[in-house]
Every structure is written in structure tokens, then in C-alpha cells.
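S.K.: One structure coming up, written as C-alpha cells, with questions to follow.
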Amino acid sequence: MPEYLRLRIDGGEGLSLERISPAALGRLWSARPPVKEWNFVRHVESHGTWTYHLQAELGEGEQEYYLKIFEQSEIYRVALRKLCSRKGLRKPWRYPKEMLRHLFDVSPAKVGFETAQVLLAAGINTAEPVAFLSQGAPVFKRGMLLTRKIPDVVCANLAEYLLSQRDRLALEQWTAEKLAILKELAGIIYKLSQMNFFLPDLRLSNVLIQKPLSGGFRLWVIDLVEAEPGKPDEDKMLWHLIANPVYAQLFTKDDRIDFLKWYLEPTGRENQWPRFCSRIMPVLEKWWEKWYQKNRAAGNS
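Reading the sequence shown from the start, the letters are residues 1 to 301 in the numbering used here.
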């Protein structure tokens with residue numbers, strides 16, 4: 001594992017690779033989003049996050065990074081707005097409860113940094129954590145997480161890649177590649193199921209596929225900042241990956257069965273796949289109906 005140094009910069013505390021310049025990190029830390037000079041990637045206001053792609057000299061030569069900035073005040077601003085909405089008035093306890101929970105949250109920047117270290121130690125590919133800083137003032141918590149860009153990534157995520165390959169390849173080639181990816185993914189998910197934390201946002205859109213010029217592929221798990229302590233909920237994890245209706249068009253029934261068999265194989269449970277299907281599929285049907293009704297209503301509004 002690489003060596004990290006403890007940092008204190010302008011009210012923030014954290015860790016960084018020892019070769020990273022504290023002065024350079026201080027310049028990143030002092031910026032307040034939105035930052036026009038940086039390459040903007042995504043803003044998720046309900047999570048209070050801004051993500052940027054940087055190419056910068058931070059002490060190890062010109063490198064490419066991703067920087068995620070957390071502003072807890074943004075979460076409260078959004079929650080207050082929703083509290084006054086029609087949905088908030090129907091469930092008046094929901095958003096105050098959510099706001100209270102965030103008071104005691106561990107810094108997402110720290111969670112993402114530490115979870116990445118655990119995954120890398122377990123042999124699971126994820127973006128290398130370069131540095132994090134967090135400021136723990138109640139209500140106005142701030143944080144930032146700096147990770148190294150993963151090279152040779154194809155498409156925005158694994159779901160987009162599978163969709164593009166389905167449209168590009170002949171059926172036989174598409175099926176063979178899809179099954180090879182599912183087998184690799186099943187092994188990763190098995191490893192994650194043995195961890196002492198759960199990734200509630202783990203889905204195909206948070207898995208990247210890397211295809212080096214030398215050939216082959218590697219899968220990378222990203223977006224670890226929502227990791228929760230405790231053993232993973234196996235059914236929920238499997239459902240998000242293979243039964244979520246957003247990805248229903250990607251996988252046949254046989255694909256799902258193969259995935260479950262590969263996932264269960266390390267523990268000798270591959271013959272128990274029908275029991276997992278019987279538990280997961282009713283959840284799929286219920287969620288699909290809810291998802292369809294929601295999207296149909298949105299289309300008619």
C-alpha cells in the first residue's frame with residue numbers, strides 16, 4: 001500500500017499521498033463550486049456533490065484526476081425545498097428526519113477514501129485514492145476526495161458499454177462478450193459480499209470497463225462515498241445488478257441464472273440459484289410496476 005501523510009489545511013483534515021504538494025491541495029480546497037476553470041462532470045444537488053475532471057501538476061508530474069467536492073449545506077437547502085413541496089407536505093416527517101440523520105454522517109470524502117483502500121487491498125479494481133480533506137462543523141460540513149483517473153475506460157459506464165456492443169456486434173459475439181463480463185462481475189460481487197460494509201449505490205452505472213490496447217478487459221467499481229457499515233444485504237445487492245428494470249433490456253433470464261450460479265459458486269451454493277430467483281424476482285416485478293407507473297405519469301404531466 002502507498003504511504004499517506006496526515007494533513008491540516010485551512011480547517012480541513014485528511015490524508016494524501018506523500019508526494020502530493022500540500023500547497024496544491026490547499027488551492028483545490030479553497031475553491032468553492034461551481035468552479036468555471038475546471039472541467040465540470042456532474043452536480044448531484046440532493047447529495048451536495050460536484051465532480052470535476054482535472055489535469056494538473058500536484059507534485060507527481062502532469063496527471064489526470066477526478067475531484068469530488070461535498071457541501072452539506074447544499075443537502076439541507078434541497079431538503080428544505082422538498083419539505084415545502086407537495087410530496088413533502090404528504091410526508092412531513094421524511095425530510096426533517098433526513099436532515100437530522102445527516103448531522104451525524106461521517107464525511108463522505110473520508111468514507112470514499114477508506115473504502116477505496118479496502119477494495120484495493122482485497123484485489124478489487126477501483127480508482128486510486130490520492131487525497132481527501134474534510135471539515136466537521138455541524139450543518140456546514142465540507143469535504144473533497146481526489147482520485148486518479150482510470151485509463152483506457154470505454155463508454156461512461158458498464159451499462160452504456162453493453163448497450164453499445166449489443167447494437168454493434170453480431171448476436172453470437174455480443175452474447176459471448178456479455179457472459180464473459182457477467183462472470184467477471186459475479187466474482188467481484190462475491191468478494192464485496194464478504195466485506196463488512198455495503199455499497200447501496202452499486203449498480204452497472206457505477207462499474208467501469210477498461211479495455212487496454214493489449215487486449216482483454218478489467219472491471220472497476222466506482223462511487224464508494226455512500227458505503228454503509230455492516231454486512232451487505234445479499235438480495236438487494238444482486239437485485240440492483242441483474243434485476244433492476246433500468247437494465248432489464250440487457251439480460252435474458254438465462255443470463256441472470258448464469259450470473260447467480262457464478263456468484264454462488266465460491267461457496268458451493270450454485271445449485272441454490274432457484275431459491276435466490278424466487279426471492280429476487282418478486283421484488284423485480286413489484287419495482288417494475290412502480291417504475292413503469294412513475295414514468296408513465298411523468299410522460300403525461
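Quick reminder that beta carbons are idealized off the backbone N, C-alpha and C, glycines included. Only a predicted model underlies this, so the values are computations on that prediction, with no experimental measurement involved.
Quick one: give me the first and last residue of the beta strand (DSSP E) that G315 is part of.
M.R.: Past the edges of the chain, shown from 1 to 301, lies residue 315, and the structure says nothing about it.
S.K.: Rounded to a whole number of angstroms, what is the C-alpha to C-alpha distance between H53 and N39?
M.R.: The straight-line gap from Cα to Cα measures roughly 5 Å.
S.K.: Do the region 109-126 and the region 213-221 make contact, defined as three or more Cβ pairs closer than 8 Å?
M.R.: Judged by Cβ distances under 8 Å, the region 109-126 makes contact with the region 213-221, as three or more pairs qualify.
S.K.: Where does the unbroken beta strand (DSSP E) through E71 begin, and where does it stop?
M.R.: Here the beta strand (DSSP E) through E71 covers 62-71.
S.K.: Tell me the residue span of the beta strand (DSSP E) that contains G143.
M.R.: Counting along the chain, the beta strand (DSSP E) containing G143 begins and ends at 142-148.
S.K.: Using C-beta distances below 6 Å, list every residue in its chain close to K141, excluding the 5 sequence neighbours before and after it, in chain order.
M.R.: Excluding sequence neighbours, K141 sits near Q72.
S.K.: Beta carbon of L119, beta carbon of Q249: below 9 Å?
M.R.: Result no, Cβ atoms of L119 and Q249 do not sit closer than 9 Å.
S.K.: Helix, strand or coil, according to DSSP, for T267 in the structure here?
M.R.: Here T267 sits in helix by DSSP.
S.K.: Looking at the structure shown, is A121 part of a helix, part of a strand, or coil, going by DSSP?
M.R.: Reduced to three states, the DSSP call for A121 is helix.
S.K.: Have a look at the DSSP bridge pairing and note the partners of E57.
M.R.: E62, per the DSSP bridge assignment.
S.K.: Is it buried or exposed, A10, if we count other Cβ atoms within 10 angstroms and call 16 or more buried?
M.R.: Inspection of the sequence shows that residue 10 is occupied by Asp rather than by Ala. Per the 10 Å Cβ criterion, exposed.
S.K.: In this structure, does DSSP put L224 in helix, strand or coil?
M.R.: Coil.
S.K.: Could you say which of P200, P34, A170 lies nearest to G230 if we only look at CA atoms?
M.R.: Among P200, P34, A170, the Cα nearest to that of G230 is on P200.
S.K.: Once you ignore the five residues that flank A227 on each side, which residues in its own chain have a CB closer than 6 Å to its CB?
M.R.: Counting only Cβ-Cβ distances below 6 Å, and skipping sequence neighbours, we find V111, T115, F197, L199.
S.K.: Give a yes or no on whether the C-beta atoms belonging to N157 and S205 are separated by under 9 Å.
M.R.: Yes; because the gap between Cβ atoms is below 9 Å, this pair is in contact.
S.K.: Go ahead and label D105 buried or exposed: buried means 16 or more other beta carbons lie within 10 angstroms of its beta carbon, across all protein chains shown.
M.R.: Exposed is the call here.
S.K.: State the start and end residues of the unbroken alpha helix (DSSP H) segment that holds S107.
M.R.: Premise fails: S107 is in no alpha helix (DSSP H) and is neither H nor E.
S.K.: Are G48 and Q135 close, meaning C-beta to C-beta below 9 Å?
M.R.: For G48 and Q135, no; Cβs fall outside 9 Å.
S.K.: Is the beta carbon of A109 less than 9 Å from the beta carbon of G143?
M.R.: Contact: yes.
S.K.: Go ahead and pull the three-state DSSP assignment for A156.
M.R.: Looking at A156 - three-state DSSP - the assignment turns out to be coil, as it is neither helix nor strand.
S.K.: So the candidates are E3, D235, F217; which of them puts its Cα closest to the Cα of E184?
M.R.: Considering only alpha carbons, the answer is F217.
S.K.: Taking buried to mean at least 16 other C-beta atoms within 10 Å of its own C-beta, is R86 buried or exposed?
M.R.: That one is exposed.
S.K.: Under the DSSP definition of a beta bridge, which residues are partnered with P129?
M.R.: DSSP output for P129 lists T147 as bridge partner(s).
S.K.: So, using beta-carbon positions, are A262 and L182 closer together than 9 Å?
M.R.: According to the sequence shown, residue 262 is Trp rather than Ala. Going by C-beta atoms, W262 is nearer than 9 Å to L182.
S.K.: Beta-carbon within less than 7 Å of R90's beta-carbon, same chain only, minus the 5 sequence neighbours each way: which residues are those?
M.R.: Nothing listed; no residue qualifies.
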